[in-house]
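Contents: one structure, followed by commentary.
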Amino acid sequence: MSSNLTITDSKKIEQEANRIVGEITDAWKKTTQTWLGISKALVQYRDNKSEDGKQVWKLVQIKLDDWGIRESTIKKLCVIGDRQILHKYVDYLPPSYNKIYEITSLTDSEI
221 MSSNLTITDS
231 KKIEQEANRI
241 VGEITDAWKK
251 TTQTWLGISK
261 ALVQYRDNKS
271 EDGKQVWKLV
281 QIKLDDWGIR
291 ESTIKKLCVI
301 GDRQILHKYV
311 DYLPPSYNKI
321 YEITSLTDSE
331 I
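Numbering (this note's numbering), first residue to last: 221 to 331.
Structure below.
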């Protein structure tokens, strides 16, 4: 009888561990997807070459700087946004824009 309890307890423990790991990996993926989405949006705004678009982009950069998001960060995010291939590998990318930025130095075949 006690061995059945152990098996049941073991299954419950494994199920709980799997649930927790699922929560963490889902949050991990969402964070990575968020960085890729921000990067893609920044590139779209940056690439708007109309006169209004240029002025909007300058103001966006100023306002982001007011939030503490510096020019160097915006540039890194734009480099990420320029690498569309990264979206194919979202499940394998780290949830850090700095780490994703480092990956942009790889060629498409190396990614």
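Cβ atoms here follow ideal geometry from the backbone N, Cα and C, with glycine treated the same way.
Note that the structure is predicted; figures quoted are calculated from it, not measured.
- Contact annotation: the segment 284-294 does not touch the segment 242-259, with fewer than three C-beta pairs closer than 8 Å.
- Contact between residue 256 and residue 300 holds, since their C-beta atoms are separated by about 7 Å, short of 8 Å.
- Rounded to whole angstroms, the separation of the alpha carbons of residue 226 and residue 331 is 44 Å.
- Cβ-Cβ separation between residue 320 and residue 326: approximately 11 Å, too far for a contact (criterion under 8 Å).
- Between residue 262 and residue 297, the C-beta spacing is below 7 Å.
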